[in-house]
């Protein structure tokens with residue numbers, strides 16, 4: 007922790023040149039600290055608790071979150087914090103962190119190698135930075151508002167796929183999927199009929215980052231939480247992509263719908279989702 011404070015304090019000397027530098031360094035330090043811990047526990051037998059019928063949590067989630075929160079609030083004690091496994095903390099200066107310590111907990115608990123740490127920072131309603139760290143692949147996706155998106159420090163951009171039939175698309179199913187399986191499968195069927203293929207990875211944060219770097223062309227999912235999408239949304243936008251709800255309205259972190267794409271395919275994706283909604287109302 008002292009090392010992190012010194013690291014961030016050193017960045018503070020450059021604050022007049024780049025107001026985001028200290029925040030970025032703290033976010034990177036927090037993500038790497040949590041990522042190293044998660045990686046050290048990967049493959050172990052996990053003690054699992056259930057928050058709902060299918061939504062689970064492990065002690066690794068909670069400890070990773072503690073490491074992140076301690077790092078960020080140790081550097082910026084006046085900031086607010088919205089983290090998946092803890093009560094919200096209200097700050098005093100308008101800055102607010104969004105933290106998912108382990109996006110893809112089900113994958114992690116089953117030793118399925120697809121999960122990430124997700125951290126974002128907003129000032130009031132303006133998101134300033136987003137960072138998603140994959141500890142197994144050692145890939146860190148990051149973006150700052152107006153500064154572009156990067157993967158391990160190198161600039162990234164969305165794909166140039168212009169035809170929906172050639173698109174590789176991802177989705178996820180919400181935690182109420184057992185009660186509303188038919189509802190979500192209609193959306194899957196409608197999109198599947200229009201695209202090259204659909205993937206379901208189990209980490210919305212990584213799905214969004216894969217859209218940002220062109221591994222995926224689009225992504226949609228319902229009922230995500232703010233900590234699921236806060237970082238990834240900014241990364242997609244800074245990589246040249248588009249993020250909205252299913253009606254093309256501006257994306258809301260507290261909303262029920264997330265649609266992300268390279269931009270070229272966005273209207274086609276939304277039409278496919280709309281056709282599924284129309285079928286449900288017939």
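Residue numbers (the working numbering): 7 to 288. Heads up, the beta-carbon is just placed ideally off N, CA and C, and yes, glycines get one too.
{"Asked": "Rounded to the nearest angstrom, what separates residue 141 and residue 111 at their Cα positions?", "Found": "13 angstroms"}
{"Asked": "Can you give me the start and stop residues for the alpha helix (DSSP H) that residue 209 sits inside?", "Found": "Premise fails: residue 209 is in no alpha helix (DSSP H) and is neither H nor E."}
{"Asked": "Kindly indicate the opening and closing residues of the beta strand (DSSP E) around residue 129.", "Found": "122-129"}
{"Asked": "Between the segment 229-249 and the segment 160-173, do at least 3 Cβ pairs fall closer than 8 angstroms?", "Found": "yes"}
{"Asked": "Please state whether DSSP places residue 107 in a helix, a strand or coil.", "Found": "strand"}
{"Asked": "What residue range does the beta strand (DSSP E) around residue 43 cover?", "Found": "Looking at the DSSP string, residue 43 is not in any beta strand (DSSP E); the run it does join, the alpha helix (DSSP H), is 27-47."}
{"Asked": "Would you mind working out which of 217, 227, 106, 229 sits nearest residue 269, comparing C-alpha positions?", "Found": "217"}
{"Asked": "In chain order, what are the residue ranges of uninterrupted alpha helix (DSSP H) at least 4 long that sit wholly in the segment 151-224?", "Found": "187-198, 210-219"}
{"Asked": "Using a Cβ-Cβ cut-off of 6 angstroms (strictly less than) and excluding sequence neighbours within five positions of residue 151, which residues of its own chain qualify?", "Found": "134"}
{"Asked": "Helix, strand or coil for residue 82? Go by DSSP, reduced to three states.", "Found": "coil"}
{"Asked": "Less than 9 angstroms between the C-beta atoms of residue 235 and residue 255, yes or no?", "Found": "no"}
{"Asked": "Using the three-state DSSP reduction, which class does residue 132 fall into: helix, strand or coil?", "Found": "strand"}
{"Asked": "State whether the segment 198-218 contacts the segment 112-130, with contact taken as three or more CB pairs (one from each stretch) at a distance under 8 angstroms.", "Found": "yes"}
{"Asked": "What span of residues does the beta strand (DSSP E) with residue 242 cover, start to end?", "Found": "Unbroken run through residue 242 is the alpha helix (DSSP H), 232-244; no beta strand (DSSP E)."}
{"Asked": "Between 91, 174, 128, 118, which lies nearest to residue 97 when the distance is taken from Cα to Cα?", "Found": "128"}
{"Asked": "Return yes when the Cβ of residue 228 is within less than 9 angstroms of the Cβ of residue 262, no when it is not.", "Found": "yes"}
{"Asked": "For the beta strand (DSSP E) containing residue 267, name the first residue and the last one.", "Found": "263-267"}
{"Asked": "Measure the alpha-carbon distance for residue 146 versus residue 138 and round it to whole angstroms.", "Found": "6 angstroms"}
{"Asked": "Please determine, among 267, 226, 71, 260, the residue with the shortest C-alpha to C-alpha distance to residue 243.", "Found": "267"}
{"Asked": "Kindly confirm or deny that the segment 37-51 and the segment 86-101 touch, where touching means at least three C-beta pairs closer than 8 angstroms.", "Found": "no"}
{"Asked": "According to the neighbour-count rule (16 or more other Cβ atoms, all chains shown, within 10 Å of its Cβ), is residue 104 buried or exposed?", "Found": "buried"}
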